[in-house]
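K.L.:
Next up is a structure, given as structure tokens.
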Amino acid sequence: MTKKDWLKKSTLAVMLSTSLLVFADGGQAFAAQASASDVANDAYDLLGKPYKSSANGPSSFDSAGFITYVMKESGIKLDDSLKSLTTAGKSVAKTDIKQGDILFFKNDSYAGIYVGNDKFLYASKGQGKVVEQKLSKVKSDLTKVRRILDTTTGTTKPETSQNWEKVAQSVIKAGEKYMGTPYQYASSRSDKSTMDCSEFVMWAYKEGANIDLGKGGARSEYKKTKEISRSQLRPGDLVFFSTRATMKYDANDINRIGHVGIYVGDNKVLHTYGEGGVKYSSMKSGWWNEHFVRAGRVIN
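Written out as structure tokens, the structure is:
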């Protein structure tokens, strides 16, 4: 997968967020945030993906499909058409462009996401793929700018927790309801009859703790956690693993993450993959021990 170095792009990130208190069972408060840096990183994840008319991911995109897919990775749902995007969020002056803004060009015939440092990414019909472009080179074609991130709430992250154990067990219990549900790579996120690893985690957290991790993949979910060491793992934490396809990336590269599950304690993970679908696996030894990459905490 082609992608700019995640750490370098993070240093360029300008955090734009909005907060909304959401209460789970027991009165637990959570703060919702949609981050411009997450949007930029998710956009770079798709650099080089093929252009295809009327496509909205995950393997190919048209102009609107690329934007709506990237925003969806941060939990922001937008209508999948350029016409709808031209009225989404709020209008912004061309002199006040910020990371995460949507840029429209040539009478709104195509659009892209501004990622900072005079660059934006878009699905180019002419070049047949998602490309990076310097804004200064085409600014004369810029017709309008729309800002989504400070008018829409997205990713939910816990702000406080009166009883993390209770919340964690609720998440695990919600996940256990899907034991045996068949695995399907790149599942739809709307039909619970099949799931991939990140959709399973998404539903467990949403139904067990009212925490919205968005509809992205394992790397997207990792970005919504607080990184912890393996020795700090406790029930409810997320554990991330490499796959045969992602082992080629360096250990410090986020692209090495290819799989996610919920840690339940005693070196066990609740997740879904392959035959049998949702199941428990041991991290004590074998594949899941050897392919462990990182751990992240959602429930503080």
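Numbering of the sequence shown is given in the numbering used here, commencing with residue 33 and proceeding in unit increments. The beta-carbon is built from N, C-alpha and C at its ideal position, and this holds for glycine as well.
1) Please look up how many angstroms separate the CB atoms of glycine 107 and glycine 246, rounded, as I've assumed it's under 8 Å.
2) Taking all protein chains shown into account, do 16 or more other C-beta atoms lie within 10 angstroms of the C-beta of aspartate 282, making it buried, or fewer, making it exposed?
3) Mind reading off the beta-carbon distance from threonine 257 to glycine 328? Whole number of angstroms is fine, and I expect it under 8 Å.
4) Terminal residues of the continuous alpha helix (DSSP H) containing arginine 262?
5) From Pro82, Asp298, Gly293 and Thr175, pick the residue whose C-alpha is nearest to that of serine 230; which is it?
6) With respect to the beta strand (DSSP E) encompassing valine 330, which residues constitute its N-terminal and C-terminal limits?
7) With which residues is threonine 304 paired in a DSSP beta bridge?
8) Consult DSSP for tyrosine 83 and reduce its assignment to one of helix, strand or coil.
9) Exposed or buried, what is arginine 251 when buried is set at 16 or more other beta-carbons lying within 10 Å of its beta-carbon?
10) What does the Cβ neighbour count give for glycine 160, buried or exposed, with the cut at 16 atoms within 10 Å?
11) I need the boundaries of the alpha helix (DSSP H) containing tyrosine 210, first residue and last residue.
12) Cutting at 6 Å between CB atoms, please list the residues of its own chain near tyrosine 210, excluding the five before and the five after it.
13) Give me the residue from Ser168, Val163 and Tyr215 with the minimum Cα distance to serine 95.
14) Using a Cβ-Cβ cut-off of 6 Å (strictly less than) and excluding sequence neighbours within five positions of threonine 226, which residues of its own chain qualify?
15) Taking the beta carbon of glutamine 264 as the centre, do at least 16 other beta carbons fall within 10 Å, making it buried, or is it exposed?
16) Can you list the alpha helix (DSSP H) stretches of 4 or more residues lying completely in the region 97-129, in chain order?
17) Buried or exposed, going by whether 16 or more other CB atoms sit within 10 Å of the CB of tyrosine 312?
18) State buried or exposed for proline 82, treating a residue as buried only when at least 16 other CB atoms are found within 10 Å of its CB.
19) Under a Cβ-count criterion, where at least 16 other Cβ atoms within 10 Å of its own Cβ denotes burial, should alanine 72 be classed as buried or exposed?
20) Taking the alpha-carbon of glycine 290 as reference, which of Asp269, Gly297, Trp320 and Gly268 has the nearest alpha-carbon?
21) From the DSSP output, read off the bridge partner residues of tyrosine 215.
P.N.:
This is what the structure holds:
1) For a cut-off of 8 Å, the C-beta gap from glycine 107 to glycine 246 is around 4 Å, short enough to register as a contact.
2) Answer is exposed; the Cβ neighbour count stays below 16.
3) Confirmed, about 3 Å.
4) For arginine 262, there is no enclosing alpha helix (DSSP H), as DSSP gives it neither H nor E.
5) Ranking Pro82, Asp298, Gly293 and Thr175 by CA distance to the CA of serine 230 puts Gly293 first.
6) No beta strand (DSSP E) contains valine 330, which DSSP labels as neither H nor E.
7) DSSP output for threonine 304 lists Val310 as bridge partner(s).
8) Residue state, collapsed to three classes: strand.
9) Arginine 251 counts as buried, since no fewer than 16 other beta carbons sit within 10 angstroms of its beta carbon.
10) Result: exposed.
11) Segment: none, tyrosine 210 is in no alpha helix (DSSP H) and carries neither H nor E.
12) Sequence-distant partners of tyrosine 210 (beyond 5 residues in either direction) whose C-beta falls short of 6 Å from its own C-beta, in its chain, are Val310.
13) It is Val163 whose Cα lies nearest to the Cα of serine 95.
14) The residues are Pro214, Gln216 and Ser219.
15) An exposed status is given to glutamine 264, since fewer than 16 other beta-carbon atoms sit within 10 Å of its beta-carbon.
16) Those alpha helix (DSSP H) runs which fall completely within the region 97-129 and span 4+ residues are 114-117.
17) Exposed, since its Cβ has fewer than 16 Cβ neighbours within 10 Å.
18) Exposed, because fewer than 16 other Cβ atoms sit within 10 Å of the Cβ of proline 82.
19) By the 10 Å Cβ count, alanine 72 comes out buried.
20) Nearest C-alpha to glycine 290: Trp320.
21) Bridge partners of tyrosine 215 according to DSSP: Met227.
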